[in-house]
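If you're matching positions, the sequence shown starts at 0 in numbering that gives the first Met the number 0 and goes up one per residue. The beta-carbon is built from N, C-alpha and C at its ideal position, and this holds for glycine as well. From a predicted model like this one, the values you see are computed outputs, not experimental measurements. Below is one structure, written out as structure tokens; comments come after it.
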Amino acid sequence: MFREKYPEAWIFHRGTCRSELNTLQLQDAQSLQESYKEYLSAPTVLLPLVKIPSVQFADLVSERYSCRRFTNEPVQLQDVANILFAGYGKCSTIILGENEFIWRTVPSGGGLYPLELYLLVTNVAGLEPGIYHYVITPGLLEIVKIVNLPKSFLENLFMHQPYVAAAPLIIVATSVIERTMKKYFDRGYRYILFEAGHAFQNMNLMSIACQLGSMNIGGFFDADMCKVLGIDMEEEVPLYAMAVGVPDGNSITARLPVQG
0 MFREKYPEAW IFHRGTCRSE LNTLQLQDAQ SLQESYKEYL SAPTVLLPLV KIPSVQFADL
60 VSERYSCRRF TNEPVQLQDV ANILFAGYGK CSTIILGENE FIWRTVPSGG GLYPLELYLL
120 VTNVAGLEPG IYHYVITPGL LEIVKIVNLP KSFLENLFMH QPYVAAAPLI IVATSVIERT
180 MKKYFDRGYR YILFEAGHAF QNMNLMSIAC QLGSMNIGGF FDADMCKVLG IDMEEEVPLY
240 AMAVGVPDGN SITARLPVQG
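Written out as structure tokens, the structure is:
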């Protein structure tokens with residue numbers, strides 16, 4: 000059934016299955032961890048220090064929902080800092096011999112952290128509209144490009160989903176795939192996808208803690224997204240996105256689809 004109905008997915012799944020007959024020797028993890036991506040010549044915006052709201056974890060889990068209706072209110076920069084930290088922030092630094100390892104808020108295959116987070120900003124207090132890149136230490140945003148992002152443009156970019164375009168902030172995760180796959184080879188692609196899910200669930204829960212709504216998005220035009228972010232798909236691929244904003248209505252009405 001799987002192979003016949005979804006042959007390309009089957010090929011990927013079978014191609015990344017492992018047995019004693021096709022398992023290659025892994026490279027030494029200590030020689031593999033690389034620093035995160037940086038735009039060294041880009042202007043930056045320092046994020047506020049993270050302030051985790053005091054909320055019961057069980058409440059966050061039970062209150063999580065996909066928000067499809069947002070008000071015109073801006074997202075506060077403090078909330079942006081909290082959400083980005085929850086998704087992919089730095090927890091600690093550990094020195095092992097001559098190697099320095101940065102541990103983050105999510106598990107990562109081999110501790111290699113292949114993801115990068117970008118922000119498509121239309122209405123965030125303290126930020127001009129445009130495209131930003133998150134740097135975990137010292138906790139700042141690099142300005143990739145200051146540009147207005149019209150709702151019609153965003154709606155088309157995200158496969159004509161009107162509720163995405165109404166969000167004041169969209170977070171996009173990409174992967175520099177070589178970081179993980181040079182250790183785990185083709186199976187590493189599975190680990191990259193798992194990691195994106197870990198990061199986005201954390202950001203979903205932190206959004207709730209900040210009294211914001213979020214909506215995870217897997218649908219976008221890949222080549223167009225690469226052009227928007229200014230990345231080369233041969234080296235860095237877009238994986239996942241999340242719309243964030245102040246919910247318009249209660250948790251029931253805010254999750255209802257919006258007619259285009």
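Query                                                                                                                                                                                                      : Result
My guess is that isoleucine 170 and leucine 118 are in contact by the Cβ rule of under 8 angstroms, so how many angstroms apart are they, rounded?                                                         : 6 angstroms
Roughly how many angstroms separate the alpha carbons of valine 60 and glutamine 75, rounded to a whole number?                                                                                            : 22 angstroms
By the DSSP assignment, the alpha helix (DSSP H) with proline 237 in it spans what residues?                                                                                                               : Premise fails: proline 237 lies in the beta strand (DSSP E), 235 to 244, not in any alpha helix (DSSP H).
Determine the contact status of glutamate 194 and proline 113, defining contact as a CB-CB distance below 9 angstroms.                                                                                     : yes
Using the three-state DSSP reduction, which class does leucine 118 fall into: helix, strand or coil?                                                                                                       : strand
Are the CB atoms of isoleucine 130 and valine 123 within a distance shorter than 9 angstroms?                                                                                                              : no
Leucine 139 and threonine 70 look like a contact to me (Cβ under 8 angstroms); what is the Cβ gap, rounded to whole Å?                                                                                     : That belief does not hold up - the Cβ atoms of leucine 139 and threonine 70 are roughly 27 angstroms apart, past 8 angstroms.
Count the other CB atoms within 10 Å of the CB of isoleucine 135; is the residue buried (16 or more) or exposed (fewer)?                                                                                   : buried
If distances are taken between C-alpha atoms only, which option among Tyr5, Ser18, Glu154 and Gly108 comes closest to glycine 187?                                                                         : Gly108
Please state if the CB of glycine 218 and the CB of phenylalanine 157 are separated by a distance shorter than 9 angstroms.                                                                                : yes
Alpha carbon to alpha carbon, how far is asparagine 201 from lysine 150?                                                                                                                                   : 27 angstroms
Quick one: complete alpha helix (DSSP H) runs, 4+ long, within the stretch 46 to 107?                                                                                                                      : 56 to 62 and 76 to 87
Please confirm whether phenylalanine 152 has its beta-carbon closer than 9 angstroms to some beta-carbon of chain C.                                                                                       : Structure shown: chain C not included; a single protein chain is present.
Can you give me the C-alpha to C-alpha distance between glutamine 29 and lysine 226, rounded to a whole angstrom?                                                                                          : With a pLDDT of only 49 at glutamine 29, under the threshold of 50, the placement of this residue in the model should not be trusted; the figure read from the coordinates follows. Cα to Cα, glutamine 29 sits roughly 33 angstroms from lysine 226.
Whose C-beta lies closer than 6 angstroms to the C-beta of methionine 180 among residues of the same chain, with five residues either side of it excluded?                                                 : Gly187
When we look at the beta-carbon of arginine 67 and count the other beta-carbons within 10 Å, is it buried (16 or more) or exposed?                                                                         : buried
Which residues bound the alpha helix (DSSP H) around serine 151?                                                                                                                                           : 150 to 156
With DSSP run on the structure shown, which of helix, strand or coil describes methionine 202?                                                                                                             : helix
Exposed or buried, what is serine 53 when buried is set at 16 or more other beta-carbons lying within 10 Å of its beta-carbon?                                                                             : exposed
Measuring alpha carbon to alpha carbon, tell me which residue in Asp221, Gly229, Asp223 and Ser206 is nearest isoleucine 51.                                                                               : Ser206
Short of 7 angstroms in beta carbon distance, which residues of its chain neighbour aspartate 78, apart from the five on each side in sequence? Order them along the chain.                                : Cys209 and Leu211
Tell me the DSSP secondary structure of methionine 232 in three-state form.                                                                                                                                : coil
Starting from the C-beta of proline 73, find all residues in its chain whose C-beta is less than 7 angstroms away, skip the five residues before and the five after it, and write them out in chain order. : Asn122, Val123, Ala124 and Pro167
Does the distance from the C-beta atom of alanine 240 to that of tyrosine 87 stay below 9 angstroms?                                                                                                       : no
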